[in-house]
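For the sequence shown, my numbering assigns the number 1346 to the initial residue and increments by one for each residue that follows.
Using N, Cα and C, we set each Cβ at its ideal position, and we do this for glycine too.
Structure first, then comments.
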Amino acid sequence: MQNMKKVISTVVMSLIVLAAMATDSQKENRNMEKNDNLQAVEGRKNFGNKRALVTTPQPCVMIATWDKEHNPDVMMAAWAGQLDYTKIVISLSKHKTTDNLELTGAFTVSFADERTVAESDYFGLVSANKVPDKVAKAGFTITPSPNVDAPIINEYPLALECRVVSFEDGMLIGEVVNMSSDESILTDGKVDLAKLKPIVFDAAGMCYRALGDIVGKAWGSGKKFQ
1346 MQNMKKVIST VVMSLIVLAA MATDSQKENR NMEKNDNLQA VEGRKNFGNK RALVTTPQPC
1406 VMIATWDKEH NPDVMMAAWA GQLDYTKIVI SLSKHKTTDN LELTGAFTVS FADERTVAES
1466 DYFGLVSANK VPDKVAKAGF TITPSPNVDA PIINEYPLAL ECRVVSFEDG MLIGEVVNMS
1526 SDESILTDGK VDLAKLKPIV FDAAGMCYRA LGDIVGKAWG SGKKFQ
């Protein structure tokens, strides 16, 4: 009787899984049908919503944390943005970094630049779960942040020292406690992006691009229409 119950339970679970798979397939087919029925604008090519460039280019954000053995870890994240003057939001799936965030409640954010393209890409390719010393392996060094429980990566000249405000449904919100900068990227006491030379992720070309020249004045170029 016990074996029969196990068999029935297994069959029921299998049917539930198959039904869920069929439902997902139907949804995907409906979405494809919707995309097939999209109307085109003259002179433009439709791509549908698959891998849509919702926000591009994207900053190459480098998140640094401590693990439970106090080893430094750093990963690259592309889906990040600014909520207000003191908060940053980053979309994260399950990583060693997310385990560390739950442990310490703090992190630092730096930005990949032209000088660190290979190292930054490496940090996005390799998990600290498999290579716990990947920061040292890339030849990078750290300084403990004096303001939050997280490491500052010395080779990145700009760092945001952050504490976790919330982390729910894969959405990390951090409060910037302090921004610290190396003197080498300052002009007249302000961060100079021409000296920082940050790179961005181009999702269309699957590559990194350097930021270009200044092409206008914020809150200034549009005044000619006033």
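Query                                                                                                : Result
Rounded straight-line distance, which links the Cα of Lys1441 to that of Ala1463                     : 21 Å
Distance, Ile1435 Cα to Gly1565 Cα                                                                   : 30 Å
Cα-Cα separation, Asn1445 to Glu1414                                                                 : 10 Å
Backbone secondary structure at Tyr1553 - three-state DSSP                                           : strand
Continuous alpha helix (DSSP H) stretch holding Ser1465: start and end                               : Val1462 to Leu1470
Length of the line joining the Cα atoms of Asn1382 and Lys1390                                       : 14 Å
Which listed residue (Lys1479, Cys1405 and Ala1481) has its alpha carbon closest to that of Leu1556  : Cys1405
Ser1566 - DSSP class collapsed to helix/strand/coil                                                  : helix
Best match in Lys1568, Val1386 and Pro1502 for proximity to Thr1453 [C-alpha to C-alpha]             : Pro1502
Asn1445 - DSSP class collapsed to helix/strand/coil                                                  : helix
Cβ-Cβ distance between Ala1451 and Val1510 below 8 Å                                                 : no
Asp1412 to Pro1477 span [Cα, whole Å]                                                                : 9 Å
Coarse secondary structure for Lys1575, derived from DSSP in three states                            : With the chain running from 1346 to 1571 in the structure shown, residue 1575 is simply not present.
Member of Glu1506, Arg1554 and Leu1541 whose CA lies at the smallest distance from the CA of Glu1520 : Glu1506
DSSP bridge partner residues for Phe1546 (one or two, in chain order)                                : Gln1403 and Tyr1553
Enclosing alpha helix (DSSP H) for Ala1425 [first to last residue]                                   : That residue, Ala1425, is in no alpha helix (DSSP H); its beta strand (DSSP E) goes Ala1425 to Asp1429.
Beta carbon of Ser1490 nearer than 8 Å to that of Met1407                                            : no
Status (buried if at least 16 other CB within 10 Å, exposed otherwise) for Ile1498                   : buried
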